[in-house]
Each structure stands twice: as structure tokens, then as C-alpha cells.
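Per numbering that gives the first Met the number 0, the sequence shown starts with residue 0, numbered consecutively. All residues carry an ideal CB built from backbone N, CA and C; glycine is no exception. Read through the structure below, which is laid out as C-alpha cells, and then see the notes.
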Amino acid sequence: MKRTGAMKFDEYESSGYEYSDGETSDDLKNDKPIQQNPVKPTIFKKNEQHIQSINKSMIDDSKNARISTYNDSDYDLDQKLVINKDFVFPGTHLTENVFILIAHPAQFSKVEVEYSEKNPYYAWQYTNAPLTDFSTGVNTTYKSAYQSIHPSFKVNILVSPSAEKLNQLQNFRRDAIPSRVIFHYIGYGFPQVDKSNIFLCDGKPNVFRPYPARKIFENLKTPSFFIFDCNNAGAMLQVFDSTANKQKLKNKSPTSSQKIFTGLPNIQSDSNWDDWICLCATDVNETLPTNAQLPRDFLTTCLFSPVAMSILCHIIQYYHTSFPDPGFPLNEINGILAFGDKMHRQQLEDILCGLTDAIASDCLKPQLYKNLFRQDPAIATFFRNFILSQYLLAPYDVHPVSYPSFASMTRHPLWLQWRTSIDQWITSTLTPLPSFATDFFGHAINSFQHYLSTKLDSRMKMFLVTILCHVPFSEVANNPKCFPLLAKFASRSKENRQKLAQSIIFKPCFLLLSNTKNTEEFNSLCYIIFSMLYENSGFISEIRNDIDYQLLLRYVFDTSISEKTRTIICGIITLLVSNLNNINPFINNKEFHSKLKNVISTASSPLLHWILLLMSQSFNGISIDPDCFVPDSIHFQISLSIFHGIFWCRAAAINALQSYFQQGDQIINLHLILMILPSFMDCSYTVRMQLVNACAKFLHQNAEMFIIGYRKSQVVNSAATFSQLFALWYDDMKLNTLKQNFSEFLLKLDEVAHRNDSISHICTIVYYIIDMLSHDPHPFVKKRATIFRGYFQRLTMSNHGTNNEGRPHSVSPPFALDNLQKGQKVSFSEDESEHTEDTEIFPSDITNDSLLSSSIQNLLRAGPDWIEQPKIENKSEMSTYSLKIQSTLVAEGRLFKFSPTHIDFDPISLDSAVATSNKFIFSVDETNKIVNKIRLSDYDITDLQCTRIGNDKVVVASTGDGCVHLWNPSYSTPFCSFRADANYNIDNIAQLCRCKGDKLFTTRGNSGIAMWDITKQMLVGEWPSEEQHIASAMCLSPSNENMIYVGYANGYLNAVDIRDPDAHVRRLTITLGDRISQLSASGELIYASTPGGKCAIWNIGEATLSTLRIPQGPPKHFIAHKHLPLLFTNDNVSSPQCCGPDGLPLMQFIDVPSQCIFTVHPTLPAIAFASSAGDMYTYMLQ
């Protein structure tokens, strides 16, 4: 692959300047340089405008607050972005064409009524009205009723049609696919339907002939919707069901054990004969009530005038003597049945809509409820009113039935609320009338709040959730106040979000985003939208034509909106983009990137994290125009996030920077990969997962140059620490001062990118990092890196022989003390046999969904109103105790089947952690009961410490392969696992660790001291050692938190002051003459011992060494209390004892076996023992 020249960034400058001279490194050079003339740096210089434009405040520690805690799902780096797609909302209105079949008025006969002779009425018209007026009124009533449900309905009224006319429906269906057709049959005036036929006029007014109902079904096919408002209507269900089954057999359609109405039209209607709906006013052999005060089209009137029908039925049932007017009820149609002014009419409609919806959600299976009430709005309206008709007809012993079928809901307790509201309306003499909606919805809100405040939301009924979803669209005062309640409910659990996804009226909620206000309600609405889009991506289909990306992006950049709200909006856009991929026109421009740079330079960590995620998702598979980001050095601004204090931001930054890779500009690509590579020493496995993908992508793009460089034998500087590797790769840049000198880092980076052999050099580094990560402590990072490593190795072998002579040499040697000489040639590890993945073909899935999936879960757990966690300093000082050297056994028990190897107390409580010989770690409470356990690695546990981060317990365990694992005992997986030593080929040298608050200090072999920030999960500093021997013990000074002491195998005690970034771990002028096996500190004293039992005391203040003699005998294990003048020792022969600082015994723990390990509490007068037999004892000192 041919290298391009450097881009002329100086064209963007207002004035010229001189370039610094480029230098060619001798550390890594090819025999035949790919580019003969060195390219001088062209991007940065001192005081250069590009460096000045970078805002370094984005990595300010004051903004590094997390929004939620760890969850075990975060450990699964192989997880996919799981979005529920169990149903898909329609993109357009599904039901369009309506055919209403009614009798001619001449066919109406006088009906005998129960109570008095009254003219029957139909469509709110008396049947004895003049023919022209009646026909016009019926047509107008039905058409306006249907179009009030949806304006697009095309209503065709068939008045007493012939069989020939009805047969023509099949011609219409050919042109109507895939819309759903409504066939509405009103039986008044026709003979009663029988078990298989309806009756049509045969040319004469009162001559009827049977017409097979099955032909209606066959002509209309599916998807279809039938309404039968007549006596014996339930017989039609049997006919249609039988016909559908025959058609399925005829067309050999696949059948299932259970018919499920999908609610969605199928263009190939012949293959979905279950996709039909039918509403029947009566069951088989039932007749509609003959009370003349009731309409002859009872079901139809109920479907179109549900509130008026409710009032009418209530009056007839409870107040029929109060309305003696013979013209009742039509004379009152504009009075009491019109239920007052528009406001109160709307309130009753709101109540009925919410109430019937709530009853259905409580009684139906979730999938059926979604299909009927949350897909086609027209179908939802019909079924809500159909449920009402069941309730209103129940006193007459009439039972409307339907397909899909469901049990009667007439006994649901919410109907009492509806009856009360109607009764209030009829009887109230107050002026103005009471607010019915406020009473109904207000009581629901109060109940909902009670469940939340008492944390009983898991017991909340579906109907209550559904009612709350209707509140925002009701006439209740302050109705948006329900959004904070729903958001809080959704944040409590996944089960709650599933309930809300069932009930929410999503599209109207989404459209409310256009009414932005910087309020709690708006923030909660955004959280609800975000959680629902994740819970069910089917909502996206419902709103895809209503998405205004410009508006949403404007919110992201609007500083008047709170950052937590902008963060959630970023999450909403990211979910939309992940499904639709249609945002590119709005973001692939210079204006957007300029705004982006301003935001990311000042954003807090949650907002920065999600903006970077949005970038990586938006540009997934799309090349960004360099003119959008190069002039303002936006990619360099993003690169600052690689050193951010929150690992989510670092991981998202790696993903985002990959989006800026260019096909035709190697300089940009080299800059980008060099910005990313420092993440190889990151503690977070989430970050390293993204690093593996980035390295593989870069190496694959530069495969040709990698193969050329792979064949060359490289002469390298040996490096045993991360800082030495970093200096080797970035031209002697100091790791400890990287953040303070970020401009210098960018200059060094530019120099490396313009070396003669830059591509080959960087490809070698990238491959080395992939090889290192193939030994990662996280199993999936290791697996993924191994797959990539295998691919690239096979790639080189296909270009030359497979013998070892053709293999390249590493840029870092394996761990071996006798190989630490400059210029030593070393090779990569040869442990390929344990990995047998087929890597002949490059894995297509370079990226994975784990970062986005974990980030979504993180934001969902945080809820709409996360509180940034304050940094809590752990107090380690101990009050002065007047010790009489007495002990009280407070807990004991046999806990372990294998011998304990390490033990430590929690810094605050009497809880403890114990490691055993089978490589398990146990969390033990103060009563010596095991509460949790974990196996972190296949390697031996070499050290164990307990600490606190805020209020969270953290167990720190190091293993023989040079790795460290951080585990919160509340979970089943470690929240952090990382390589604490750069040498990864040796797995039998102890890794030592010590903690002070959120700072972790490690050492291994002769690699010096490394300091890690547990909260930030990153390397803070590294101090190399001057020793050529292996570190064997380590301790921190209680009197000076900046002093670290290390004992070595040659008997020397070394120390380093970590305040000096350039310091080395240097020898003190003392030696014990044998390997220092244990170090322990108390005040100004450092106690050291050897395997032979020799003990010494180093006085820090006086810089003197003295010998410690213990009368009991040379100790095999000892520890000094950090704040009390006490030593605890054990010689593995007699029971352990407590001694004074001079070694003289003060008391003995006679109940404890001699073969044991122990630890003392750092702040409490307590000591815990774990015997080789698995027993544990805890004593309090007095």
C-alpha cells in the first residue's frame, strides 16, 4: 500500500512558521526504508494554533463522576445489542375501506317493546322519519362516525344489497391489498342470521334469500375486520373460523398449535388466514334487548358514541322513572346525553379511554393486548368500545363475543369507577361541574406514588400503569407531572420497563419532545423515550416519519438544557441511528463537527461518553469527509478522552476515533492509531476490548506494509515496564507527565507518524499489542485478540515459509532478568497450540455491541435523575485504645475445604476476604459466614487486599501471571481485571499489591512500582527499579502515604517517593542477607523478615536498622498493627501470639492452631485467623 504525503495543515494557518527537524529513530528501522526522505512534522509546533485550540479541561478530575455502579452484565464483552422486536408497529394506517350493510327503511317492521309503544330509533334517527331524511341522516351519521376515528376511512354504505352486489367485493379486494377491510353488518330490518347465512333482498322489499357467510369471508380475504350488530351474531365466528381453516389447508399454509392474531397485514394474504377480526353484538342464540329506549344498532352506537350510550344505559337502569318524556332519549340527545360542555365531555371520554384500556391490559395476555390496543389506532378504539358494550349488555344477559376471543371483563373493579363518574354527571347540581378526570386520574396518581414510595412497584397492577400512561393526554391539570413517576418506575427494573412498554402510548409521547423545556418533566420524558426505544425497537417503526434529527441534535448542543437531559437525548439518537442509519446528512458536515468540538471539550463524563458513542454509531461504515474535522483538529480534541478519568469515555473515544480513519490519507490514520495505542496499559477490559478491535482494523488496512515489516529482524530497546514501552514507541516521551504535557505528546506523535519507516514501525507495535492482549486476564479480550493474532500470523506465513526463522522479533522481551540488556533480540510467544480457531479468513465482525449494550444498561440503571457520586475519602486513622491485651472470640467456624493462602479485613467493618489454594476468593461476613465466592483466574493468587471505594467494598487480588483483579463481593464477576506488568510471557512470578483508599500499588519481578487509580481504572504513574532481582515483599508507610517500600530476593530493602515523577525505586543502605519474605509497617517502623526467621526493624525517622528477636522462635508469619505498638507472630509450631514492639510476648491465642495465616484490622482492635484446616477465628482485642 503506497503511503501518501502529509496533508498541508499549514494551509489552514493565518501565518507561516518554521518546522522542527524530523529525526529517524534507530530503535526500530527497516533494512530498506519504505520512504527515502524523512517527512518533517506538518501539524504541530510550539504555540501552534491547533494545539492552542485543544481544550484540556475535558479531562479535569472534577468532572469525573460516574452515573451508576457496576453490574455483572458489564463483564460480558461478547454480548449483543439485544433489543426486543416481538412486534412491529405499522408505518402507515392499516385500515382504510369500510363497507356498511344496512336494510332499507321499507324493510323495518314495528317492534313490540317491553314498557311502552315507542318508535324505534337507529343511528340516533327515528325509523319512521321521512325516507329521504332518514337515509341522509344515517349516511351522515355513520360516515362521520367512522371518519372521527380516522379521517382516511373510505365509507361505502350498501343499502339492502343483492347477492350479485355483494359478490363484487372480491374485485375490490384485489385492489385493496394489503389494507384491512371493514365489513359492518347491521341486522335490524333483516331476518335473523342462522348458523351459516345472512339474508339479502332478492329484488322485492320483503323477499329475502340466504347468502353464505363464508362467501363474505372468502371474497374479502385477509386482513379483514367484521362487525355483526345483530341477533345470533356469534354464529358468524364459527363460520369464519371453519372457513379460515379450510383455506389454510387448501393453500397448505403452515399451521401452529395456537392461533395468534398478529394485528399486521400480510401482503400475501392467502398465507395468513388467521389475520381477521370479528366483533359480534350477541353470542350464539342470543338476541339484543328489545327495550325501545335503546337503539336498534346497539353495538354500532356503542362503538361510535360510547359515553352517550353509557349515560343512556345508566339512566334506563337506575333513573328510568325520572324521564317520563315519551320522546326520551332522542329529545335529550342535545341535552344530558351530550354530556355538557366540551371540556367535561372530553374529560368523560378521557376517563373511558383510560379505563377500558387499563381493564384490557389487566385481563389480556401481553401479546394479545399489544396486537389489539397498541398497533392500529382504529382497531384499538373499536376494541375499547367493544369492551364497554360487553359491560352495558351484561344486565340484559347478552354477551358480545369476538375473534380474537377473550374472557369477559365485566366484573373488573374499575367499572365501578366508570359507573360513579356517570352517576356524578347525571345527578350533580354543582356549578361548575366537578372535574371528573381530576378525580379519576388524580386517585390513580396517588396510588402510583404510594407504590413507588413504599418500593412495592413490583406488585403494581398493569391497569394502574396503563392509566398513568393516559394521564399526559387527558384534561387533568399539570398532567406532565406523571412523567417523573413513570420514569422512576421504569428505572427500578427491567420488569417495570416491560410493563411500561406494554402500556405506553408511544408516538404521542415522542412528539412531545418538540415542546422542550428545561424541566424535570422533560428530562423524565426523555428517559421514558430512551428506555422504551431500547425495550422494544418496534416503536421506531411507528415514529420513523416523525423523527426530527435537527431538533434532537439542537438539544444536544443547547447548553440551556441540563447535561443529564442532553445525555439521555444522545442515547435516544444513538438508538434511532442504530436501527435506521439515516442521520448521515445531518452530521457529515463541518458545522456539526465544530459544534461537536465545543461540546466535548466542556462536557461532563456522561454526556461526553454518549456523544462519542453517537459518533461511532452514526459513522459506522461511513467515511467522514476530512474537511469536516481536519481544519479544527477535532480528532485531536477527541483523543484527549483516551486519558479521561472515566473508562466509559476512554472506550467510547477509541470507537469514535476509528470513525475518522481515511482510505486515502495514511498520515491521518497514523495519527489516529497513535492516539489510541496508549490504551494498551488501561485497567478497564471495556477499553481494551475496543483497543483490540481498533488494532485489528488498522493492521488489516495496512496488511501489505505489516507483512513487509514482519519479515524484518528488528533491533529493539529492551523494556520491562509500561513507561519504558511508551517511551520506546513515542520517542522518549515520559508516561508520568503525559497529562501535564499533552501538547508534547502530540508533537511526539506527529514525529513518529512522519518517520521514514512509520507504517512498518507502527504496524509492529500494533501487532505486539495484539499479542499482549492475547494474554489478557479477561477471557473475551483474550479470545478476540487470539483470533486476530492467528489471522495475521497466517497472513505472514502465506507470504513466506512457516519456519521460525521468518518470524519477527518483539518490541519487548519476555520477562527474564538475564535478558535485560539493550539490543537483545527476542521473539513473540509460541503458545498458539492452545488456540485452534480458524483464522484463515479475517473476522468480519471487527466491532461488537458490548460497549453500546453496557452503556445503555448503565444509563437505564442510573435513571432520569442520577446523582453524581461524591468522592469519599476513606479514613484510616485509628482512635487510641487502652489495651490490656485481652482477646474475645467473636466468631469462628469451618468455612473452607482447601487451605487458606491469604486473608485481609475490610477497612471499615469486620467483614473479610480469604483466598484458598484452589484459587477461589471468599467474601466472609462479621459472623464468619460465607456470603459470596469467585474464581478470578487459573493462576495462583499471589496477594490479597481489601479496600473501599466510596461505600463499595473492593477485594484486590493479584495472580502469578502478572494480573490484578478488582471484585465487589456484591457481584459475581470482577469489575476490573488488568495486566499490572508489561511482561506477559512468564506466569510464575508473584504480583504484589497494596492499597490505600482508591490507589493501588503493584510490583512484580524487577519492574519497579506502578500506581493505579481504582476509581478511574487507569495507570497513574510508574517508577522503575534499579534492582536486577525479583521483588518479594511490599508495604506502604502508615506515617507517610507517599513512601512505598519493596523487599527483594537479594535481601535489600528499597523505597521510592511517588511525589517525584522521575524517581526510581532505590536501595536503602540495609540488607538482611536473604530474601525478604514479609514486610509490615507500624507508624515509623518497617518490619522485615526472611524465610529463615531473621527479623529486622527499619526506623524511618532515624534511618537506623535493628534486629528483632522473638523468644517464641523465628516467625513463619508475622504482621504489625498499623497504628498500635503490637506484633502478631506465628512459628507454625505453637499457637500464634501477640507481642510488643520489642518482640516480647503479651498473650497467646491458644484456641487457634499453629498452622494458620492471619490479618489485623487497620482501624479496629480486631484480628482474624484462618487455619490450614479451613477454620476461621475472629477476635476483638481489649
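Could you tell me the distance, in whole angstroms, from the CA atom of P776 to the CA atom of R978?
By one-based count along the sequence shown, residue 776 stands at place 777. By one-based count along the sequence shown, residue 978 stands at place 979. Distance between the alpha carbons of P776 and R978: 7 Å.
Determine the burial state of A1169: buried for a count of at least 16 other Cβ atoms within 10 Å of its Cβ, exposed for fewer.
Position 1170 of the sequence shown, counted from the start, is the residue given in the question as residue 1169. With 16 or more Cβ atoms within 10 Å of its Cβ, A1169 is classed as buried.
So, using beta-carbon positions, are I185 and L278 closer together than 8 Å?
What you label residue 185 is simply residue 186 of the sequence shown in a count that begins at 1. What you label residue 278 is simply residue 279 of the sequence shown in a count that begins at 1. No. Outside cutoff.
Do you know offhand how far W609's Cα is from C648's?
On the sequence shown, residue 609 is found 610 positions in, with the first residue counted as 1. On the sequence shown, residue 648 is found 649 positions in, with the first residue counted as 1. Using only the alpha carbons, I get a separation of about 8 Å.
Just reading off the beta strand (DSSP E) that K220 is part of, what are its end residues?
Looking up residue 220 in the sequence shown gives position 221. K220 -> no beta strand (DSSP E), and no H or E assigned at all.
Return the bridge partner residues of I99 from the DSSP annotation.
In the sequence shown, the residue the question calls residue 99 occupies position 100. BP columns for I99 point to I156, H183.
Should T1177 go down as buried or exposed, given a rule of 16 or more other Cβ atoms within 10 Å for buried?
As a first step, residue 1177 must be located in the sequence shown, where it is residue number 1178. Buried is the call here.
In angstroms with no decimal places, state the Cα-to-Cα distance between F538 and F529.
By 1-based counting over the sequence shown, the position of residue 538 is 539. By 1-based counting over the sequence shown, the position of residue 529 is 530. Answer to the nearest angstrom: the Cα atoms are 11 Å apart.
According to the Cβ coordinates, are I1099 and A1087 closer than 8 Å?
Position 1100 of the sequence shown, counted from the start, is the residue given in the question as residue 1099. Position 1088 of the sequence shown, counted from the start, is the residue given in the question as residue 1087. Not closer than 8 Å, so no.
Can you tell which of R687, L676, D731 has the C-alpha that lies nearest to the C-alpha of I761?
Here the question's residue 761 lines up with position 762 in the sequence shown. The option with the nearest alpha carbon to I761 is L676.
Where does F327 fall in DSSP's three states?
Sequence index remark: in the sequence shown, residue 327 carries index 328 (1-based). F327: coil per DSSP, three-state reduction.
Between the alpha carbons of S632 and N984, how many angstroms are there, rounded?
As a working mapping, residue 632 is identified with position 633 in the sequence shown. As a working mapping, residue 984 is identified with position 985 in the sequence shown. Straight-line Cα distance between these residues: approximately 39 Å.
For Y69, report the span of its beta strand (DSSP E) as first-last.
Stepping through the sequence shown from its first residue, residue 69 is reached at position 70. Y69 -> no beta strand (DSSP E), and no H or E assigned at all.
Is it the case that the Cβ atoms of I572 and L611 are separated by a distance below 8 Å?
On the sequence shown, position 573 is the one that residue 572 refers to. On the sequence shown, position 612 is the one that residue 611 refers to. No, they are not a contact pair.
Evaluate N654 with the Cβ neighbour count: other Cβ atoms within 10 Å of its Cβ, from every protein chain shown; 16 or more gives buried, anything less gives exposed.
In the sequence shown, counting from the first residue as 1, residue 654 sits at position 655. Buried: at least 16 other Cβ atoms inside 10 Å.
So, with DSSP's three-state summary, where would you put K952?
Taking the first residue of the sequence shown as position 1, residue 952 is located at position 953. Three-state DSSP puts K952 in a strand.
Compute the Euclidean distance between the alpha carbons of L1163 and Q1181, then round it to the nearest angstrom.
Reading the sequence shown from its first residue, position 1164 is the one you call residue 1163. Reading the sequence shown from its first residue, position 1182 is the one you call residue 1181. Near 11 Å, if we compare the C-alpha coordinates of Q1181 and L1163.
For F721 versus M732, is the C-beta distance shorter than 8 Å?
Position 722 of the sequence shown, counting from 1, holds the residue named residue 721. Position 733 of the sequence shown, counting from 1, holds the residue named residue 732. The answer is no: Cβ separation not under 8 Å.
List in chain order: all unbroken beta strand (DSSP E) runs of 3+ residues lying wholly within the stretch 972 to 998.
For the stretch 972 to 998, whole beta strand (DSSP E) runs of length 3 or above, ordered along the chain, are 975 to 978, 990 to 995.
In whole angstroms, what is the alpha-carbon distance linking E872 and H753?
Locating residue 872 in the sequence shown gives position 873, counting from the first residue. Locating residue 753 in the sequence shown gives position 754, counting from the first residue. The predicted position of E872 is uncertain, since its pLDDT is 47 and thus under 50; no value can be drawn from it.
Could you give the residue range of the beta strand (DSSP E) that holds L1018?
Reading the sequence shown from its first residue, position 1019 is the one you call residue 1018. 1017 to 1022 is the extent of the beta strand (DSSP E) around L1018.
Among residues of its own chain, excluding the 5 on either side of L858, which ones have a beta-carbon nearer than 6 Å to its beta-carbon?
On the sequence shown, position 859 is the one that residue 858 refers to. Correct list, in chain order: G570.
L698: buried (16+ other C-beta within 10 angstroms of its C-beta) or exposed?
As a working note, residue 698 is residue 699 in the sequence shown. Looking at its Cβ environment, which holds 16 or more other Cβ atoms inside 10 Å, L698 is buried.
According to DSSP, is R1233 part of a helix, a strand, or is it coil?
The question about residue 1233 has no answer, for the chain in this structure spans 0 to 1181.
Whether or not the stretch 1112 to 1131 and the stretch 1063 to 1075 are in contact is what I'm after, with contact meaning three or more pairs of Cβ atoms, one per stretch, closer than 8 Å; do they touch?
The answer is no - the stretch 1112 to 1131 does not touch the stretch 1063 to 1075, with fewer than three Cβ pairs under 8 Å.
Excluding the 5 residues flanking I768 on each side, which residues of the same chain have their C-beta closer than 8 Å to its C-beta?
For this step, residue 768 is matched to residue 769 along the sequence shown. Contacts found: L676, F679, L690, C694.
On the DSSP letters alone, give me the boundaries of the beta strand (DSSP E) that W1011 sits inside.
Walking along the sequence shown from the start, residue 1011 turns up at place 1012. Where W1011 is concerned, the enclosing beta strand (DSSP E) stretches over 1008 to 1012.
Near G136, what residues of its chain come up, given a Cβ to Cβ distance below 6 Å and the 5 sequence neighbours on each side ignored?
Within the sequence shown, numbered from 1, the residue matching residue 136 stands at position 137. Contacts found: Q124.
At least one CB of chain D closer than 8 Å to the CB of H183: is that the case?
Absence of chain D from the displayed structure is noted, only one protein chain being present.
Where G949 and W414 are concerned, what is the direct C-alpha to C-alpha distance, given to the nearest angstrom?
Stepping through the sequence shown from its first residue, residue 949 is reached at position 950. Stepping through the sequence shown from its first residue, residue 414 is reached at position 415. Spanning the two alpha carbons is a distance of roughly 51 Å.
Can you name, in chain order, every residue of its own chain whose Cβ lies under 7 Å from the Cβ of Q316, other than the five neighbours on each side?
The residue you call residue 316 lines up with position 317 of the sequence shown. Here the set comprises P394.
CA-CA distance, L379 and F189?
Translated into the one-based positions of the sequence shown, residue 379 becomes position 380. Translated into the one-based positions of the sequence shown, residue 189 becomes position 190. Per the sequence shown, residue 379 should be read as Ala rather than Leu. Distance between the alpha carbons of A379 and F189: 29 Å.
How many whole angstroms separate the CB atoms of H964 and S936, which I take to be in contact at a CB cut-off of 8 Å?
Residue 964 sits at position 965 when you count from the first residue of the sequence shown. Residue 936 sits at position 937 when you count from the first residue of the sequence shown. Contact flag correct, Cβ pair sits at about 7 Å.
What separation, rounded to the nearest whole angstrom, lies between the Cα atoms of N230 and W275?
Residue 230 sits at position 231 when you count from the first residue of the sequence shown. Residue 275 sits at position 276 when you count from the first residue of the sequence shown. When rounded, the distance between both Cα atoms is 21 Å.
How is G1072 classed by DSSP in three states: helix, strand or coil?
If you number the sequence shown from 1, residue 1072 lands on position 1073. Coil.
For H1122, is the classification buried or exposed, using 16 other Cβ atoms within 10 angstroms of its Cβ as the cut-off for buried?
Position 1123 of the sequence shown, counting from 1, holds the residue named residue 1122. Buried, by the Cβ-count rule.
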